[in-house]
Amino acid sequence: MKIGGLKKTSLIDFPGRLSCIVFVQGCNLRCPFCHNPELVLPEKFLPPLDAGEIMAFLEKRKKYLEGVVITGGEPCIEGEGLLSFAKTLKNIGYLVKIDTNGTFPDIIRKAIEQKVVDYLAMDVKGPAEKYELVSGVKTNMADIEESISLIKNSGVEYEFKTTVVKELLRIDDFEKIGGLIKDAKLHYLQRFIPSKVVDPKSFSYHTYSDEEFETIRRIMLKYVRECHVR
Ligand code: SF4
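Structure, rendered in structure tokens:
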């Protein structure tokens, strides 16, 4: 695993669990608004952290931490490496959360089958016809739909989430986003906050007002059981 960063403690990234966060280096998408360019654009990569030192830290901190969040970048680009890392974490006694963009359904399936994941959080970027615009590259919608179905039926805790950029997603696009994740348990609408971004033109992007977010949330509630703004 190419690990580009470690956050030693988090109260918010693994729902209900005191966790740490492992940031995987590399991503197959190029969402213009992505706030982790140093984990996405190879020219911004720093030398990966020492895997042995990370494992030593995780072994030592087990008595304080309940979970490990594996995020990125896109953790699933590591393939079998991700599965074996997650298995090692489970053997130490951690709960494991994986954040994913949903473009690697085979890895998600194996993580579920091998019982090495306790929480899955998947980005749903937009309606099918806007996926390329929002993710910055051509995306295979069959993979996205397969990942959504696997996650919904996994028996593992999960959430879907969408970063809301006004210039990329219209309010009525959320009818189609709702259709993509129909009957899901939980969806988060994430306000876009310009900070570091993959594409500098995103600095001119906006998010919606609180009232508009409430309209979007009501649309999503026609399709999912719970929807929150964060
Ligand atoms: S926001 Fe997009 S580009 Fe950034 S890590 Fe996630 S999937 Fe990759």
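In terms of the working numbering, the sequence shown opens at residue 535 and continues consecutively. Don't be surprised by glycine CBs; every beta carbon is placed ideally from N, CA and C. This structure is a prediction, so every number in the text was calculated from the model and none was measured.
- Between Ala-676 and Phe-694 the beta-carbon gap is near 17 Å, outside 8 Å, which marks them as no contact.
- Cβ-Cβ distances below 7 Å link Arg-551 to Glu-600, Gly-601, Leu-629 in the same chain, with the five nearest sequence neighbours on each side left out; the list follows chain order.
- For Lys-624, the CB contacts under 7 Å within the same chain, skipping 5 residues up- and downstream, are Val-630, Val-650 in chain order.
- The beta-carbon separation of Phe-567 and Val-731, rounded to 6 Å, stays under the 8 Å limit for a contact.
- Taking every protein chain shown into account, the CB of Phe-638 has 16 or more other CB atoms within 10 angstroms, so this residue is buried.
- Around Thr-634, the same chain offers Cys-610, Met-656 as residues with beta carbons nearer than 6 Å, after the five sequence neighbours per side are excluded.
- Judged by DSSP secondary structure, Arg-551 falls outside any alpha helix (DSSP H); it is assigned neither H nor E.
- Taking 4 residues as the shortest admissible run, the region 542-596 contains the following complete alpha helix (DSSP H) segments, listed from N- to C-terminal end: 571-574, 585-595.
- For Met-754, same chain residues with a beta-carbon under 8 Å away, outside a window of 5 residues either side, are Phe-708, Ile-711, Gly-712, His-721, Leu-723, Cys-761 in chain order.
- The continuous alpha helix (DSSP H) containing Tyr-665 extends over residues 665-669.
- The DSSP-derived three-state label of Gly-712 is helix.
- Rounded to whole angstroms, Gly-586 and Lys-536 show a C-alpha spacing of 12 Å.
- Tyr-598 and Ile-632 have their C-alpha atoms spaced approximately 20 Å apart.
- Across the structure, Gly-627 and Lys-596 are spaced so that their CA atoms are roughly 7 Å apart.
- Distance from the CA atom of His-569 to the CA atom of Asp-744, rounded to whole angstroms, is 22 Å.
- DSSP places Leu-599 outside both helix and strand once states are collapsed to three, so it counts as coil.
- Closest in alpha carbon position to Ile-646, among Val-690, Phe-591, Ala-662, Ile-604, is Val-690.
- With distances taken between CA atoms, Ile-705 lies nearest to Tyr-742 out of Ile-642, Asn-674, Tyr-757, Tyr-742.
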